[in-house]
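Trainee: Here it is, the structure in full.
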Amino acid sequence: MRYLKGVRTSTYINMKFEDIYEPIEVITHFQEGRLRPLRFKWNGRVYKIRQWNGFWINRQGSNRQYHFSVQADNSDFVELMFDDADLQWQIARVCLDG
Amino acid sequence: MAERLIMHIDADAFFASVEQGFNHQLRGRPVIVGGEAGQRGVVHTASYEARACGIRTGMPLIRAKKLCPRAVFIKGDFAHYRAVGDSLREIYLRYTPRVEFTSLDDAYLDIGDSVHLFGSPVYMAREIRREAEEKTGVSLSFGIGGSKMIARIASGLDKPRGINHITPEHEKAFLRELAVEHLPGVGRRVKEKLVDLHIFTVGQLAALPRLAVEQMLGKNGRTLWKLANGIDEREVERKVVPRQISRETSFPRDTGDEKAILGGLQYLTERIARRLREQSLSARTVGLKLGYADFSRAARAKSLERASSDGAEIFGMVRYLYGQMRLKRVHIRHIGVSVTQVRDKSVQETLFDGPRRAEALNSAVDELRERFGFMAVMPAETLQLKSRYRNDAHGYILHNPALTR
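If you're matching them up, the sequences are chains L and X in order. Under my numbering, think of the first position of the first sequence as 1, with each following residue one higher. Under my numbering, think of the first position of the second sequence as 99, with each following residue one higher.
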């Protein structure tokens, strides 16, 4: 089983989702009104984004939360979220694959 | 005038399909949306791989885990599903402006006037399916026919990713051999009655005299007889007034704390009132539902003097109903609020408009929420839920997040 550093799982099933919602640092590419995360740093380790699966926008009043479903370089699925209210990135969810 | 042509589009196992679409690791695996494996609650949506293991919607999660131990259990994220639903809407509206959205994941399209732009209805369906899969990863099933009923039945026959076009000359033959439970309005009880009379197919029901069916099944009988004979004149309506709006949740732990119960009920009521006002609707009858720890249930409903969309007024009735219920000396696990007799707000309720002050207040609250999120203004009693649930600007993240609107 591959682990993202810092996540503890209590079960042995093949795949497990964890809600994290922690602020993180992200290197982002902004172009033509679009943003795209490239790398993120979490718990002291830098993860390169290998694949973008999709994104969606959650409207919170007049603010927008941009959710990105991505695959990190260790093959784990990660959901990143950019909130335009405070211009901050968060790691929203991770999926650990066994 | 163009021939009437209705397309019904239904997303296949929508919530599970969204999760699989956005996470490639989930594709081909049984996925269950509704909660974590050990959590109490029920399956909300199961992917087709999970359905093959015998998992069904409404099944307790614990039983689902036993039946399919290798399934991936996901709590779900309604905001994500709504965003994907919005993307699907945008796609449909590019093909015709006459779309009736019946829920997040299904819709009727009146394509009679626009089909000539695309060649054929089947080609149109393929294009919509391709676009939806590219953009969201969600697979869709299509039914095309001369009425909403035919389209709806056809879309359910060949899931997932099916496209069924029933041409007018084949409609009668299509209906004749169809099992009677496919007709909208035939539930378990009606089916039992019909089976007792050896009526198994729509053709057999259609052959009966209308009066006999009416006598057998009451008011519903007339509608069923018409549908069995292919008579369905319902139009595709852009705005649909729902029959009922309800919000329910389970507590993470059974509780006897009245403040928590009433706080939860008030929060659910606020969400219903917001939805009513968003769609310029009001409702007359208010219902309250309680589920006890011993799995027994109690429900009551009562009508307001006049239809309302005011959260405080509706909650006043919820509180009254709660007071009227003879509560069991058992903890409560599940609460729900519903409103029925929903109507368009443009209908004048009273000769002289009375509660203008409440309306002005509600519209100010709605504006604040539109700008700063639902949690910007909340009744004080609901704030104690903060110690029980995580929240964001959009609202509390309740025990069953797949359903948290």
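C-beta: ideal position from N, C-alpha, C; glycine also. Computed from a predicted model, the values in this text were never measured in an experiment.
Which ranges does the beta strand (DSSP E) cover as unbroken runs of at least 3 residues, wholly within the stretch 258-341 of chain X, from first to last along the chain?
Mentor: 261-263
Trainee: Among X:Glu231, X:Met157, X:Glu269 and X:Ala230, which one has its Cα closest to the Cα of Ala249 (chain X)?
Mentor: Here residue 249 (chain X) corresponds to residue number 151 of the second sequence, with the count starting at 1. Ala249 (chain X) has its Cα closest to that of X:Glu269, out of X:Glu231, X:Met157, X:Glu269 and X:Ala230.
Trainee: Where does Ala150 (chain X) sit, in a helix, a strand or coil, going by DSSP?
Mentor: Here residue 150 (chain X) refers to the residue found at position 52 when the second sequence is read from its first residue. Reduced to three states, the DSSP call for Ala150 (chain X) is coil.
Trainee: Can you tell which of X:Gly328, X:Glu403 and X:His429 has the C-alpha that lies nearest to the C-alpha of Ile359 (chain X)?
Mentor: The sequence position of residue 359 (chain X) within the second sequence is 261, counting from 1. The option with the nearest alpha carbon to Ile359 (chain X) is X:His429.
Trainee: With distances taken between CB atoms, is the gap from Lys48 (chain L) to Arg36 (chain L) smaller than 8 Å?
Mentor: Along the first sequence, read from residue 1 onward, the residue named residue 48 (chain L) stands at position 48. Along the first sequence, read from residue 1 onward, the residue named residue 36 (chain L) stands at position 36. Not in contact: Lys48 (chain L) and Arg36 (chain L) (Cβ atoms no closer than 8 Å).
Trainee: Is the CB of Gly61 (chain L) under 8 Å away from at least one CB in chain X?
Mentor: Numbered from its first residue, the first sequence carries residue 61 (chain L) at position 61. It does; some Cβ of chain X falls within 8 Å.
Trainee: Under 8 Å: do the stretch 292-306 of chain X and the stretch 266-284 of chain X share three or more Cβ pairs, one atom per stretch?
Mentor: yes
Trainee: Under 8 Å, do Ile107 (chain X) and Phe240 (chain X) count as touching if we go by C-beta distance?
Mentor: Taking the second sequence and counting its residues from 1, one reaches residue 107 (chain X) at position 9. Taking the second sequence and counting its residues from 1, one reaches residue 240 (chain X) at position 142. Closer than 8 Å, so yes.
Trainee: Suppose contacts are defined by Cβ-Cβ distances below 8 Å. Is Asn318 (chain X) in contact with Arg375 (chain X) by that definition?
Mentor: Within the second sequence, residue 318 (chain X) is the residue found at index 220, counting from 1. Within the second sequence, residue 375 (chain X) is the residue found at index 277, counting from 1. Their beta carbons are not under 8 Å apart, which means Asn318 (chain X) does not touch Arg375 (chain X) by this criterion.
Trainee: Within 10 angstroms of its Cβ, does His29 (chain L) collect 16 or more other Cβ (buried), or is it exposed?
Mentor: Start at 1 with the first residue of the first sequence, and residue 29 (chain L) comes out as number 29. Exposed, because fewer than 16 other Cβ atoms sit within 10 Å of the Cβ of His29 (chain L).
Trainee: In three-state DSSP terms, what is Tyr66 (chain L)?
Mentor: Taking the first sequence and counting its residues from 1, the one referred to as residue 66 (chain L) is at position 66. It is a strand residue.
Trainee: Roughly how many whole angstroms lie between the Cα atoms of Gln60 (chain L) and Phe216 (chain X)?
Mentor: In the first sequence, residue 60 (chain L) corresponds to position 60, counting from 1. In the second sequence, residue 216 (chain X) corresponds to position 118, counting from 1. Linking Gln60 (chain L) to Phe216 (chain X) through their CA atoms gives a straight-line distance of about 37 Å.
Trainee: For the beta strand (DSSP E) that contains Gly385 (chain X), what are its first and last residues?
Mentor: For the purposes of this step, residue 385 (chain X) is taken as residue 287 along the second sequence, with counting starting at 1. It spans Leu379 to Tyr390 - the beta strand (DSSP E) in which Gly385 (chain X) sits, taken as one unbroken run.
Trainee: If you reduce the DSSP assignment to three classes, tell me which class Ala462 (chain X) lands in.
Mentor: As a position in the second sequence, residue 462 (chain X) is number 364, starting the count at 1. Correct three-state label for Ala462 (chain X): helix.
Trainee: Determine whether the Cβ of Met81 (chain L) lies closer than 8 Å to any Cβ atom of chain X.
Mentor: By 1-based counting over the first sequence, the position of residue 81 (chain L) is 81. Chain X contact via Cβ: absent.
Trainee: If contact is defined by three or more beta carbon pairs under 8 Å, each pair taking one atom from either stretch, is the stretch 359-373 of chain X in contact with the stretch 435-445 of chain X?
Mentor: yes
Trainee: Check whether the stretch 81-94 of chain L and the stretch 145-153 of chain X are in contact - that is, three or more C-beta pairs closer than 8 Å.
Mentor: At 8 Å Cβ cutoff, the stretches do not touch.
Trainee: Have a look at X:Lys233, X:Ala405 and X:Glu231 and flag the residue whose alpha-carbon is nearest the alpha-carbon of Arg441 (chain X).
Mentor: Position 343 of the second sequence, counted from the start, is the residue given in the question as residue 441 (chain X). Out of X:Lys233, X:Ala405 and X:Glu231, X:Ala405 has the C-alpha closest to the C-alpha of Arg441 (chain X).
Trainee: Distance cutoff 8 Å, beta carbons only. Does Val170 (chain X) sit that close to anything in chain L?
Mentor: For the purposes of this step, residue 170 (chain X) is taken as the residue at position 72 of the second sequence. So yes, Val170 (chain X) belongs to the interface.
Trainee: Is Asn460 (chain X) close to chain L? Criterion is C-beta to C-beta, closer than 8 Å.
Mentor: Start at 1 with the first residue of the second sequence, and residue 460 (chain X) comes out as number 362. Output row for Asn460 (chain X): interface = no.
Trainee: Can you pull the chain X residues whose beta carbon is under 7 Å from the beta carbon of Phe30 (chain L), in chain order?
Mentor: Residue numbering aside, residue 30 (chain L) sits at position 30 when the first sequence is read from its first letter. Neighbours of Phe30 (chain L) on chain X: none; closest Cβ ~21 Å, over 7 Å.
Trainee: Drop a sphere of 10 angstroms on the beta-carbon of Tyr179 (chain X), count the other beta-carbons inside from all chains shown, and report buried for 16 or more, exposed for fewer.
Mentor: Against the second sequence, residue 179 (chain X) aligns to sequence position 81. Buried is the call here.
Trainee: Looking at C-beta atoms only, is the number of pairs between the stretch 103-119 of chain X and the stretch 157-166 of chain X that lie closer than 8 Å three or more?
Mentor: no
Trainee: Strictly under 8 Å for the Cβ-Cβ distance: is Gly33 (chain L) near chain X by that measure?
Mentor: Locating residue 33 (chain L) in the first sequence gives position 33, counting from the first residue. Answer no: the Cβ-Cβ gap between Gly33 (chain L) and chain X never drops below 8 Å.
Trainee: Can at least three beta-carbon pairs, one atom from the stretch 395-412 of chain X and one from the stretch 327-344 of chain X, be found at a separation below 8 Å?
Mentor: no
Trainee: From which residue to which residue does the alpha helix (DSSP H) around Glu426 (chain X) run?
Mentor: Here residue 426 (chain X) corresponds to residue number 328 of the second sequence, with the count starting at 1. Correcting the residue identity first, residue 426 (chain X) is Lys in this sequence and not Glu. Boundaries for Lys426 (chain X): no alpha helix (DSSP H) harbours it, and the DSSP string shows neither H nor E there.
Trainee: With 16 as the cutoff for other CB atoms within 10 Å, does Tyr190 (chain X) come out buried or exposed?
Mentor: Counting from one through the second sequence, the residue named residue 190 (chain X) turns up at place 92. Classification for Tyr190 (chain X): buried.
Trainee: Report the option in X:Ala223, X:Gln342, X:Ala396 and X:His432 whose CA atom is closest to the CA atom of Thr200 (chain X).
Mentor: Here residue 200 (chain X) refers to the residue found at position 102 of the second sequence. In terms of CA proximity to Thr200 (chain X), X:Gln342 leads the group X:Ala223, X:Gln342, X:Ala396 and X:His432.
Trainee: Mind listing which residues of the stretch 42-60 of chain L have their C-beta closer than 7 Å to chain X's C-betas, in chain order?
Mentor: Asn53, Gly54, Trp56, Ile57, Asn58 and Gln60
Trainee: Alpha carbon to alpha carbon, what distance is there between Gln377 (chain X) and Val338 (chain X)?
Mentor: One-based indexing of the second sequence puts residue 338 (chain X) at position 240. One-based indexing of the second sequence puts residue 377 (chain X) at position 279. Roughly 10 Å between the two C-alpha positions.
Trainee: Please return the same chain residues whose Cβ sits closer than 6 Å to the Cβ of Val131 (chain X), not counting the five positions on each side in sequence.
Mentor: On the second sequence, residue 131 (chain X) is found 33 positions in, with the first residue counted as 1. Closer than 6 Å at Cβ, skipping near neighbours: Phe113, Ala114, His142, Thr143, Ile172, Gly174 and Ala500.
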